[in-house]
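Peer 1:
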Amino acid sequence: MAFKIGLLGLGTVGTGTAQIILDPAGRNPLLQDITIHKVGVRSLDKPRQVQFLPGIMTTDLEAVVNDPDIDIVVELLGGLEPARSLILQAISQKKHVVTANKAVIARYGDEIYEAANQAGVYVLLEAAVGGGIPIIKPLKQSLGANRITSIIGIINGTTNYILTQMTTEGADFGEVLAEAQKLGYAEADPTADVDGLDAADKIAILASLGFGGRVKREDVYCEGIRKVSAADITYADRLGFVIKLLAIAKGTGGEASDRLQLRVHPTLVSKTHPLASINGVYNAVLVEGNPLGQVMFYGPGAGAGPTASAVVSDIMNIVAILQSSGPNNGLDPLLSCVHQHFCQITPIEQIETRFYARFLTKDLPGVIGHLGTAFGDHQVSLESVVQIGFQGEQAEIVVVTHNVCEGNFRTALDEIRNLEAIADIPSILRVL
Ligand code: NAP
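Start counting the sequence shown at 9; every next residue gets the next number (our numbering).
1) Hey, how far is the Cα of A136 from the Cα of T107?
2) If you run the structure through DSSP and keep just helix, strand and coil, what is F219?
3) Would you say L217 reaches chain D, if we count a Cβ-Cβ gap shorter than 9 Å as a contact?
4) Report yes if the C-beta distance between V406 and L151 is below 9 Å; otherwise report no.
5) Would you mind stating whether Q269 and I353 have Cβ atoms separated by less than 9 Å?
6) Anyone know if the C-beta pair for V327 and L38 falls short of 9 Å?
7) One question on the structure: do L424 and Q395 come within less than 9 Å of each other, judged by their Cβ atoms?
8) Would you kindly check if the distance between the Cβ of V58 and the Cβ of T23 is under 9 Å?
9) Tell me where the alpha helix (DSSP H) around L254 begins and ends.
10) Out of curiosity, what's the CA-to-CA distance linking I120 and V82?
11) In its own chain, which residues sit with a C-beta less than 6 Å from the C-beta of S158, not counting the 5 before and 5 after it?
12) Would you kindly check if the distance between the Cβ of A114 and the Cβ of D209 is under 9 Å?
13) Name the DSSP beta bridge partners of Y306, please?
14) Can at least three beta-carbon pairs, one atom from the segment 379-391 and one from the segment 405-422, be found at a separation below 8 Å?
15) To which residues does DSSP link L16 through a beta bridge?
16) List, from N- to C-terminal side, the alpha helix (DSSP H) runs of 4 residues or more that fit wholly inside the segment 411-437.
17) Ordered along the chain, which non-local residues of its own chain (more than five positions away) have a Cβ less than 6 Å from that of A127?
18) How would you write the range of the beta strand (DSSP E) that Q126 sits in, first residue to last?
19) Any heavy atom of the ligand NAP closer than 8 Å to the beta-carbon of V49?
20) Exposed or buried, which one is Q173 when buried takes at least 16 other CB atoms within 10 Å?
21) Under 9 Å between the Cβ atoms of R271 and I256?
22) Would the beta-carbon of V129 fall within 9 Å of that of A316?
23) Excluding the 5 residues flanking L147 on each side, which residues of the same chain have their C-beta closer than 6 Å to its C-beta?
24) Could you tell me which residues DSSP puts in a beta bridge with E134?
25) Considering only their Cβ atoms, is the gap separating N325 from L300 smaller than 9 Å?
26) Distance, Cα to Cα, Q402 vs D432?
27) Beta-carbon within less than 6 Å of A124's beta-carbon, same chain only, minus the 5 sequence neighbours each way: which residues are those?
28) With respect to 8 Å, is the separation between the Cβ of A310 and the closest non-hydrogen atom of the ligand NAP below this value?
29) Which residue wins for smallest C-alpha separation from M442, given the options T25, N36 and D41?
30) Compute the Euclidean distance between the alpha carbons of G138 and A284, then round it to the nearest angstrom.
31) Give the DSSP-derived three-state secondary structure of Y169 in the structure shown.
32) List the whole-angstrom C-beta distance separating N291 from G307, where the pair is believed to meet the contact cut-off of C-beta under 8 Å.
33) Taking buried to mean at least 16 other C-beta atoms within 10 Å of its own C-beta, is V184 buried or exposed?
34) Classify G232 as buried or exposed, calling it buried when 16 or more other Cβ atoms lie within 10 Å of its own Cβ.
35) Exposed or buried, what is V50 when buried is set at 16 or more other beta-carbons lying within 10 Å of its beta-carbon?
36) Closest by CA to R92, which one among Y116, N74 and I80?
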């Protein structure tokens, strides 16, 4: 039985997807049952790496999602609109959907999955997080027996590349960003990556799957890497850490109604931690659950081939289900979205974490004592206090705390800022 695909988008991932489907030899035999029926793009005049018979490519995207012959719509346009509307339109036409669009799913997943469940169709998104790394299906299926306690990921290749280069070259953020843009590792407008927004989209999706509840994208606390300096990377190194942009979802391992921590921020990671060695554009997701313990998924987080590998695996999943049981047997609960409630999120002020803070202080007596007192007054206990050296007249002091309540730490900092001896607090980072 042959199944017809409507491809929306023939850019980086769309081209990779078409290349796999058009070259099935040596891959899973299911691929031989899949044909590309229509391809929707913006311009028909662009040179393409794959060629189709006349009439297959169109600029009329609605004609693709409304085509009665198409079984599965594969949305690889990117952006919020028209992607969201076309996905909903495809669902209303009772077509299954495969997408790589984390931005749409993180913001409109609620609406999309409601519609999909009502229509009895699948919306699969393996490519939306971690590119070629299988992480969505493992969270839905292979790890389903566990109570997940945390999901911690390096899930944005651009920022991981920038931080890795800053570490190996001792260069500052701006310099490395410009180089990454030249090499095509960062977009001309790098906001979504460097401000942590892309990682926040992705952790919202992973948290929803791992912790079995819907997640509002705006509940993800988000800080990017613009303020990370070469100096902090050097000091972190001296203290036994590397700096990574981590996306963190943490529960308490109890009931689904427990509060979740959901945050994206640059983080000091001990050099002995498994995530410390994830470098360059690679991604990794460390999942911890009970009784499994830790499992880490690692691989290429983007690129035409890896991302298309995930897209095509979703298409094959749907085709396998359609072939074996037909479309009318109800949705497989391990592949569809069955969450009804929203996860409760812990406000950032209430989380407990370790901190690293760097202070520039005037050369006055008793500065370290004043710092210790201000922290102690707010139940912030210090793991280490190191005077790194001098910047001109000012002494540079780095403090690492034990696990403390973020709200208490911030109140202590407000007090410390007013101390006569404190000239500046150039950086505050969390420690894993
Ligand atoms: P891309 O290279 O920019 O390709 C986008 C494609 O969609 C192009 O073919 C473009 O047509 C078409 N398109 C976009 N807006 C359109 C519109 N309004 N009307 C008609 N056609 C439109 O994007 P991509 O890198 O392949 O990314 C696709 C999706 O995959 C995104 O959601 C992205 O977040 C996700 N993703 C990408 C990667 C990656 O490595 N690139 C990794 C993981 C996930 P033209 O060709 O005519 O311009």
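Note that the Cβ used here is the ideal one computed from N, Cα and C, for glycine as well.
Peer 2: Considering the structure as presented:
1) Stepping through the sequence shown from its first residue, residue 136 is reached at position 128. Stepping through the sequence shown from its first residue, residue 107 is reached at position 99. A straight-line Cα-Cα distance of about 7 Å links A136 and T107.
2) Sequence index remark: in the sequence shown, residue 219 carries index 211 (1-based). In the three-state reduction of the DSSP assignment, F219 falls in the helix class, which pools H, G and I.
3) Protein chain content of the structure displayed is limited to a single chain, and chain D is not contained in it.
4) Along the sequence shown, one-based indexing puts residue 406 at 398. Along the sequence shown, one-based indexing puts residue 151 at 143. For V406 and L151, no; Cβs fall outside 9 Å.
5) Here residue 269 refers to the residue found at position 261 when the sequence shown is read from its first residue. Here residue 353 refers to the residue found at position 345 when the sequence shown is read from its first residue. In this structure, I353 lies closer than 9 Å to Q269 by Cβ.
6) Translated into the one-based positions of the sequence shown, residue 327 becomes position 319. Translated into the one-based positions of the sequence shown, residue 38 becomes position 30. Taking C-beta atoms as the reference points, V327 and L38 count as a pair closer than 9 Å.
7) By 1-based counting over the sequence shown, the position of residue 424 is 416. By 1-based counting over the sequence shown, the position of residue 395 is 387. Here residue 424 turns out to be Ile, not Leu, going by the sequence shown. No. Outside cutoff.
8) Start at 1 with the first residue of the sequence shown, and residue 23 comes out as number 15. Start at 1 with the first residue of the sequence shown, and residue 58 comes out as number 50. Between T23 and V58, the gap from beta carbon to beta carbon is short of 9 Å.
9) As a first step, residue 254 must be located in the sequence shown, where it is residue number 246. Bounds of any alpha helix (DSSP H) do not take in L254; it lies within the beta strand (DSSP E) bounded by F249 to K258.
10) Within the sequence shown, the letter at position 112 stands for residue 120. Within the sequence shown, the letter at position 74 stands for residue 82. Answer to the nearest angstrom: the Cα atoms are 14 Å apart.
11) Position 150 of the sequence shown, counted from the first residue, corresponds to residue 158. Only K258 and E296 meet the Cβ criterion.
12) Taking the first residue of the sequence shown as 1, we reach residue 209 at position 201. Taking the first residue of the sequence shown as 1, we reach residue 114 at position 106. Yes, these two residues count as a Cβ contact at 9 Å.
13) In the sequence shown, residue 306 corresponds to position 298, counting from 1. Checking the DSSP bridge columns, you'll see Y306 partnered with A292.
14) Three or more Cβ pairs closer than 8 Å define a contact, and the segment 379-391 meets that threshold against the segment 405-422.
15) Here residue 16 refers to the residue found at position 8 when the sequence shown is read from its first residue. L16 is bridged to G48 and E83.
16) Entirely contained in the segment 411-437, the alpha helix (DSSP H) runs reaching 4 residues are, in chain order, 414-425.
17) The residue given as residue 127 occupies position 119 in the sequence shown. Cβ within range, chain order: I99 and K102.
18) Mapped onto the sequence shown, residue 126 falls at position 118. Under the DSSP assignment, Q126 falls outside any beta strand (DSSP E), being part of the alpha helix (DSSP H) whose first and last residues are K110 to A127.
19) For the purposes of this step, residue 49 is taken as residue 41 along the sequence shown, with counting starting at 1. Yes; taking the cut-off as 8 Å, the Cβ of V49 has a heavy atom of the ligand NAP nearer than that.
20) Counted from its first residue, the sequence shown places residue 173 at position 165. For Q173, the number of other beta carbons within 10 angstroms of its own is at least 16, and it is reported as buried.
21) Looking up residue 271 in the sequence shown gives position 263. Looking up residue 256 in the sequence shown gives position 248. Yes; because the gap between Cβ atoms is below 9 Å, this pair is in contact.
22) Within the sequence shown, the letter at position 121 stands for residue 129. Within the sequence shown, the letter at position 308 stands for residue 316. Not closer than 9 Å, so no.
23) On the sequence shown, residue 147 is found 139 positions in, with the first residue counted as 1. So the list reads L217 and G218, once near-sequence residues are dropped.
24) By one-based count along the sequence shown, residue 134 stands at place 126. Paired residues: none, contrary to the question.
25) For the purposes of this step, residue 300 is identified with residue 292 of the sequence shown, where counting begins at 1. For the purposes of this step, residue 325 is identified with residue 317 of the sequence shown, where counting begins at 1. Not closer than 9 Å, so no.
26) Along the sequence shown, one-based indexing puts residue 402 at 394. Along the sequence shown, one-based indexing puts residue 432 at 424. When rounded, the distance between both Cα atoms is 10 Å.
27) Locating residue 124 in the sequence shown gives position 116, where the first residue counts as 1. Taking C-beta separations shorter than 6 Å and ignoring five residues to either side along the sequence, the partners of A124 in its chain run I99 and V131, following chain order.
28) For the purposes of this step, residue 310 is taken as residue 302 along the sequence shown, with counting starting at 1. In this structure, the ligand NAP has a non-hydrogen atom nearer than 8 Å to the beta-carbon of A310.
29) One cannot answer for residue 442 here, as it falls past the ends of the chain, which runs 9 to 440.
30) What you label residue 138 is simply residue 130 of the sequence shown in a count that begins at 1. What you label residue 284 is simply residue 276 of the sequence shown in a count that begins at 1. Put simply, the backbone Cα of G138 is about 17 Å away from that of A284.
31) The residue you call residue 169 lines up with position 161 of the sequence shown. Note: Y169 maps to helix in three-state DSSP.
32) For this step, residue 291 is matched to residue 283 along the sequence shown. For this step, residue 307 is matched to residue 299 along the sequence shown. About 7 Å separates the two Cβ atoms, so the contact holds.
33) Residue 184 sits at position 176 when you count from the first residue of the sequence shown. A residue is called buried when at least 16 other Cβ atoms come within 10 angstroms of its Cβ; V184 meets this threshold and is buried.
34) Residue mapping note: residue 232 aligns to position 224 of the sequence shown, counting from 1. G232 is buried by the Cβ-count criterion.
35) As a working note, residue 50 is residue 42 in the sequence shown. Looking at the sequence provided, one finds Arg at residue 50 rather than Val. The residue is exposed, with fewer than 16 neighbouring Cβ atoms inside 10 Å.
36) Translated into positions along the sequence shown, residue 92 becomes position 84. Among Y116, N74 and I80, the Cα nearest to that of R92 belongs to Y116.
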